[in-house]
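Colleague:
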Amino acid sequence: MEKGKVKELEARLREMFELNEQSRTKQDKRQAKPNANFVIRRRKGEQDKRIALTNCAS
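Heads up: the sequence shown runs through residues 1 to 58, numbered per this note's numbering.
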(Lines of atoms letter the chains of each structure in order from A and count residues from 1; the text may use other names and numbers.)
(Lines give C-alpha, C1' and ligand atoms only; values in the text may rest on other atoms or scores of the structure.)
Protein backbone atom coordinates (compact mmCIF):
# COMPACT_ATOMS: atom_id res chain seq x y z
CA MET A 1 0.00 0.00 0.00
CA GLU A 2 1.06 3.56 -0.51
CA LYS A 3 2.31 5.50 2.50
CA GLY A 4 -0.26 8.25 1.96
CA LYS A 5 -3.13 5.77 1.89
CA VAL A 6 -1.87 4.05 5.06
CA LYS A 7 -1.65 7.37 6.93
CA GLU A 8 -5.15 8.33 5.79
CA LEU A 9 -6.58 5.02 7.01
CA GLU A 10 -4.75 5.33 10.34
CA ALA A 11 -6.18 8.83 10.84
CA ARG A 12 -9.70 7.57 10.13
CA LEU A 13 -9.21 4.70 12.55
CA ARG A 14 -8.03 7.06 15.30
CA GLU A 15 -11.11 9.26 14.75
CA MET A 16 -13.37 6.22 15.01
CA PHE A 17 -11.73 5.16 18.28
CA GLU A 18 -12.16 8.67 19.70
CA LEU A 19 -15.84 8.78 18.73
CA ASN A 20 -16.40 5.37 20.27
CA GLU A 21 -14.75 6.46 23.53
CA GLN A 22 -16.84 9.65 23.65
CA SER A 23 -20.09 7.75 23.14
CA ARG A 24 -19.15 5.31 25.91
CA THR A 25 -18.52 8.13 28.40
CA LYS A 26 -21.88 9.70 27.52
CA GLN A 27 -23.66 6.39 28.10
CA ASP A 28 -21.93 5.96 31.46
CA LYS A 29 -23.09 9.40 32.60
CA ARG A 30 -26.75 8.68 31.91
CA GLN A 31 -28.80 7.68 34.92
CA ALA A 32 -31.65 5.24 34.75
CA LYS A 33 -35.02 6.92 35.19
CA PRO A 34 -37.76 4.79 36.70
CA ASN A 35 -40.92 4.30 34.64
CA ALA A 36 -43.16 4.78 37.66
CA ASN A 37 -44.08 7.92 39.57
CA PHE A 38 -44.11 7.64 43.32
CA VAL A 39 -46.43 9.11 45.93
CA ILE A 40 -45.72 9.16 49.64
CA ARG A 41 -48.69 8.17 51.79
CA ARG A 42 -48.57 9.53 55.32
CA ARG A 43 -50.84 8.37 58.12
CA LYS A 44 -50.72 9.49 61.69
CA GLY A 45 -48.94 6.90 63.81
CA GLU A 46 -47.71 4.90 60.78
CA GLN A 47 -44.49 4.88 58.85
CA ASP A 48 -44.48 6.69 55.47
CA LYS A 49 -45.14 4.46 52.45
CA ARG A 50 -43.98 4.98 48.86
CA ILE A 51 -46.67 3.93 46.40
CA ALA A 52 -45.81 3.50 42.71
CA LEU A 53 -48.23 4.91 40.13
CA THR A 54 -47.44 3.03 36.94
CA ASN A 55 -50.62 3.70 34.95
CA CYS A 56 -50.71 7.47 35.18
CA ALA A 57 -50.59 9.79 32.18
CA SER A 58 -47.42 11.86 32.14
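No residue lacks a Cβ here, since even glycine has one placed at the ideal position from N, Cα and C. All of these numbers come straight from a predicted model, not from anything done at the bench.
#1: Give the secondary structure of residue 11 by DSSP, where H, G and I count as helix, E and B as strand, and everything else as coil.
#2: Is it true that the CB of residue 13 sits closer than 8 Å to the CB of residue 36?
#3: Could you spell out the range, first to last residue, of the beta strand (DSSP E) harbouring residue 42?
#4: Along the chain, where does the beta strand (DSSP E) containing residue 52 start, and where does it finish?
Modeller: According to the structure shown:
#1: In the structure shown, the three-state DSSP call for residue 11 is helix.
#2: No.
#3: Premise fails: residue 42 is in no beta strand (DSSP E) and is neither H nor E.
#4: Under the DSSP assignment, residue 52 falls in the beta strand (DSSP E) whose first and last residues are 49-53.
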